[in-house]
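Engineer: These protein sequence lines map, in sequence, to chains A and B.
Count the first sequence with numbering that gives the first Met the number 0 and you get residues 0 to 332, in order.
Count the second sequence with numbering that gives the first Met the number 0 and you get residues 0 to 343, in order.
Once you've had a glance at the structure underneath, I'll fire off some questions.
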Amino acid sequence: MLAYLIRRLINAVLTLLVVSLVTFGIFFMVPKITGSDPALLYIGKTSDAASIEGIRVKMGLNDPVLVQYGKFLKGLVAGRDYVSGPEVTHCDAPCLGYSFKTEQEVTPLLMSVLPVTLSLALGAAILWLIIGVSTGVISALRRGSLLDRTVMSAALFGVSMPIYFTGLIASAIFVYQLGWLPQGQYVPFLESPSEWFTQLLLPWITLAFLFAATYARLTRANMLETLGEDYIRTARAKGLPERVVIGKHALRSGLTAIVTVFGLDLGALLGGAVLTEKVFNLRGLGYQALQAIQGNDLPVILGVTMIAAGFIVIANLVVDLVYGLIDPRVRLA
Amino acid sequence: MSSVTPRPFLEVKDLTVRFETDDGIVQAVTESNFSLEAGKTLGIVGESGSGKSVTSLALLGLHRTRSNAKVSGQIWLDDQELVTASDQDVRALRGGKMSMIFQDPLSAMHPYYTVGAQIVEAYRVHNPKVSKKAARERAIDMLARVGIPQPSRRFNDYAHQFSGGMRQRAMIAMALVNDPKLLIADEPTTALDVTVQAQILDLIRDLQQEFHSAVIMITHDLGVVAELADDVLVMYGGKIIERGAAVDLFQRPQHPYTWGLLGSMPRLDREVRDRLTPVKGSPPSLINLPSGCAFHPRCPYAGRNGDRSFTDTPVLTGGAHAVACHLPAEERAKIFKEEVAPNL
């Protein structure tokens, strides 16, 4: 298991390195293609040639690409100093540079909005996992029943509805029509846990509905497949009670595929749930990414990409480890 | 009928199993009658889809979890009727008084639990008061008894870490952990190579003698039956078409299908002749069984006795060695002596 763990870890680090190389490449290439000058984006068009050159030196834009990438990597792991004559600006690790628009450091900017996305993604994930898996299992056990058909129709409906549609409908009903839930405004958990909860409830449910639908269908299919396995027949032939056959023998194998999908979905969502954040006016990573794209704010885009990639890689790593714990055959592979 | 004579250890009466599917009703087993005494071995022979596995699963009540399965008739095990018994009662017997060995031990064992844990689980579900430690010792003891070397170390291995033969041994250890009085082996050697097959059969025979249990050996391999069985059922299209003592059945087979099976069996105790003779045609569909005798489309003698083979279903008759065939006994004896026996 330890060797397996180390292999996975090395893999994760290498993946992140590749991601950084690709995103940095794009970061470097885009101004070349669009014909814009990053230095100009930093200080605005009105500046004179000398101060533009000063920015170039300070940001290291005159260095060869590989040197720039090296400095970018160093900034990520150790922080970096931007030297402009006698003036030294230090950027702490992990340094993602400065926003073109606000001249804020990217890392603190993104860290300040991260809790919004974390709250949204984790809460929704817990909801959809519980709802999706339990309805999927029940559907599989009651295959062909009215309940099964109802759940599967609802799931199909859920998968087909885009989030901006369900989100707006849900808001219209629960916020504006019935007035049960407050109008969207994120409140930090530490400030007021109850407000944090009520504010996020609708986004959670809307987002969870979409995913729960997929998970219910996936769980049902996997459970049905597992229930047809020979070892389930063996478990019954041993005289095990049905709840052990289902709850222990079938569920453990039926849920392995769910683990993979769940890890990737959660990882992707942690990098910013753009549509949900937009619909419910939550200023998280997705919202920030949207702003940055609209404003051509490359350092922020790069930062969001790195964080999103980081979450995916971590999620993948966790999935691999959990998989190794569930399925002993994986450890040897 | 009076019940002066004690009931056999296992008695199956008019057992019928059907499945309702989208394509129609699958008549998997039709009015099966047989019995088995403790310490004896019954071989059930037939092609795929002849109803032999369905019969064995019905004995264990494993069709109960399938809502489309309909089981009727009676199954008496040690004076207890199982078809009408509660789920709870049947579950208590399953894996306890009666247990089963499956065909492919790799897929029949859970891939995520150690072999030892699965044996412990089988033991403790029927002996809930036994401590984990005692159950572990019992499991290791069973692994040792079925001939697994270093049983206390192999206890912690997973099924995929065992070889095919060892896996089947472990499966047998799991099936025998509660000293079953009835052991059903569903093609236990099909997935194994020949030398291992012989070892496994020896093991089953030795353990049977040790535990004095009744064994049902389901197979399509007549060699296995010849080696182990006291009595034999030959099934075709969900029906028993010949039933008798193994010795009689091999020396004086009655049914043309049994002749066909024997003719298609390679034998080392005879001269190597030409090719083996297969039974022509393919097994019948259990949804649309042929009219009359289900074997008539493949039977070389179907037209010999008027149209009865095409219209009437033959009944299993004849006492100790019973056969379901429209051909008169004398004519069958003549055909066997003149046409079949010389070629076997």
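Glycine included, C-beta positions come from ideal geometry on N, C-alpha and C.
Note that the structure is a prediction, hence the values are computed from the model and not measured.
Roughly how many angstroms separate the alpha carbons of threonine 113/B and aspartate 229/A, rounded to a whole number?
Structural biologist: Computed Cα separation, rounded: 16 Å.
Engineer: Give a yes or no on whether 7 Å exceeds the smallest Cβ distance from arginine 17/B to chain A.
Structural biologist: Taking Cβ atoms only, chain A never reaches closer than 7 Å to arginine 17/B, which makes this a no.
Engineer: Determine the burial state of histidine 211/B: buried for a count of at least 16 other Cβ atoms within 10 Å of its Cβ, exposed for fewer.
Structural biologist: Burial call: exposed.
Engineer: Quick check: the Cα distance between asparagine 221/A and valine 317/A, rounded to an integer number of angstroms?
Structural biologist: About 21 Å.
Engineer: Am I right that threonine 213/A and alanine 249/A are in contact with their C-beta atoms under 8 Å? What's the rounded C-beta distance?
Structural biologist: Not confirmed; about 20 Å, so no contact.
Engineer: Please list, in chain order, all residues of the same chain as aspartate 326/A whose beta carbon is under 7 Å from its beta carbon, the five residues on each side excluded.
Structural biologist: Closer than 7 Å at the Cβ level, and outside the excluded window around aspartate 326/A, lie Thr255.
Engineer: Out of Pro93/A, Val76/A and Lys70/A, point me to the one whose CA is closest to valine 82/A's CA.
Structural biologist: Nearest option by C-alpha distance: Lys70/A.
Engineer: Excluding five sequence neighbours on each side, which residues of the same chain lie with their C-beta closer than 6 Å to the C-beta of alanine 139/A?
Structural biologist: Correct list, in chain order: Arg219, Met222 and Leu223.
Engineer: Which residues bound the beta strand (DSSP E) around glycine 215/B?
Structural biologist: One detail in the question is off: residue 215/B reads as isoleucine in this sequence, not glycine. Isoleucine 215/B -> beta strand (DSSP E) spans 213 to 218.
Engineer: Hey, is the stretch 218 to 235 of chain B in contact with the stretch 35 to 45 of chain B, meaning 3+ C-beta pairs nearer than 8 Å?
Structural biologist: With a cut-off of 8 Å, the stretch 35 to 45 of chain B and the stretch 218 to 235 of chain B count as touching, because enough Cβ pairs lie within range.
Engineer: Tell me which same chain residues have a C-beta within less than 7 Å of the C-beta of valine 314/B, skipping the five on either side of it?
Structural biologist: Excluding residues within five positions, the ones whose Cβ falls inside 7 Å are Ala323.
Engineer: Just curious, the beta strand (DSSP E) that leucine 373/B is in, first and last residue?
Structural biologist: Past the boundaries of the shown model lies residue 373/B; chain B is included only from 0 to 343, so the question cannot be answered.
Engineer: Can you list the residues of chain B that histidine 248/A reaches, using a CB-CB cut of under 7 Å?
Structural biologist: Those are His109, listed as they occur along chain B.
Engineer: Output needed in chain order: residues of the stretch 46 to 64 of chain B with a Cβ under 7 Å from some Cβ in chain A.
Structural biologist: Cβ contacts with chain A come from Leu59, Leu61 and Thr64.
Engineer: Could you name the residues of chain B that glutamate 228/A contacts, counting a contact when the two beta carbons are closer than 8 Å?
Structural biologist: Near glutamate 228/A (Cβ distances below 8 Å), the residues of chain B are Ser106.
Engineer: Bridge partners of serine 98/B, per DSSP?
Structural biologist: Leu182/B, per the DSSP bridge assignment.
Engineer: Give the single residue among Ala171/A, Tyr97/A and Leu60/A whose Cα lies nearest to the Cα of proline 298/A.
Structural biologist: Nearest option by C-alpha distance: Tyr97/A.
Engineer: So for tyrosine 81/A, helix, strand or coil by DSSP?
Structural biologist: Tyrosine 81/A falls in the strand class under three-state DSSP.
Engineer: Contact criterion: CB-CB distance below 7 Å. Does alanine 2/A meet it with respect to chain B?
Structural biologist: No - not a single Cβ of chain B is within 7 Å of the one on alanine 2/A.
Engineer: Under a Cβ-count criterion, where at least 16 other Cβ atoms within 10 Å of its own Cβ denotes burial, should leucine 155/A be classed as buried or exposed?
Structural biologist: Looking at its Cβ environment, which holds fewer than 16 other Cβ atoms inside 10 Å, leucine 155/A is exposed.
Engineer: Could you name the residues that DSSP lists as bridge partners for glutamate 86/A?
Structural biologist: Paired residue(s): Ser83/A.
Engineer: Rounded to the nearest angstrom, what separates methionine 216/B and glutamine 196/B at their Cα positions?
Structural biologist: Cα to Cα, the separation comes out at about 13 Å.
Engineer: Rounded to the nearest angstrom, how far is the Cβ of leucine 35/B from that of alanine 213/B, given a contact under 8 Å?
Structural biologist: Sure, about 5 Å apart at Cβ, within 8 Å.
Engineer: Would you report the Cα separation of leucine 268/A and alanine 120/A, rounded to the nearest angstrom?
Structural biologist: Distance between the alpha carbons of leucine 268/A and alanine 120/A: 6 Å.
Engineer: What is the DSSP secondary structure of methionine 173/B, counted as helix, strand or coil?
Structural biologist: Here methionine 173/B sits in helix by DSSP.
Engineer: Taking the C-alpha atoms as reference points, what is the distance between threonine 312/B and tryptophan 75/B?
Structural biologist: Approximately 26 Å between the Cα atoms of the pair.
Engineer: By a C-beta neighbour count over all protein chains shown, 10 Å radius and 16 as the cutoff for buried, is isoleucine 5/A buried or exposed?
Structural biologist: Exposed, by the Cβ-count rule.
Engineer: Please compile the residues from chain B whose C-beta is within a distance smaller than 7 Å of the C-beta of proline 37/A.
Structural biologist: What proline 37/A touches in chain B: nothing, since even the nearest Cβ is about 53 Å away.
Engineer: Is there contact here, the stretch 293 to 311 of chain A with the stretch 104 to 116 of chain A, by at least three beta-carbon pairs under 8 Å?
Structural biologist: Short answer: they touch.
Engineer: Would you list the one or two residues that DSSP bridges to methionine 234/B?
Structural biologist: Answer by DSSP bridge pairing, in chain order: Ile239/B.
Engineer: Measuring straight from C-alpha to C-alpha, what distance separates proline 187/B and leucine 202/B?
Structural biologist: Approximately 11 Å between the Cα atoms of the pair.
Engineer: Grab the span of the beta strand (DSSP E) containing arginine 303/B for me, first residue to last.
Structural biologist: Counting along the chain, the beta strand (DSSP E) containing arginine 303/B begins and ends at 303 to 306.
Engineer: From leucine 105/B to glycine 163/B, what does the alpha carbon distance come to, in whole angstroms?
Structural biologist: In a straight line, the C-alpha of leucine 105/B is about 8 Å away from that of glycine 163/B.
Engineer: So if I threshold CB-CB distances at 7 Å, which residues from the stretch 259 to 285 of chain A count as touching chain B?
Structural biologist: Those residues of the stretch 259 to 285 of chain A that come within reach of chain B (Cβ to Cβ, closer than 7 Å) do not exist; the list is empty.
Engineer: In terms of residue numbering, what span does the beta strand (DSSP E) encompassing serine 133/A cover?
Structural biologist: Where serine 133/A is concerned, there is no enclosing beta strand (DSSP E), although the alpha helix (DSSP H) it sits in stretches over 105 to 140.
Engineer: When Cβ atoms are compared, which residues of the stretch 256 to 267 of chain B fall closer than 7 Å to chain A?
Structural biologist: Answer set for the stretch 256 to 267 of chain B: empty.
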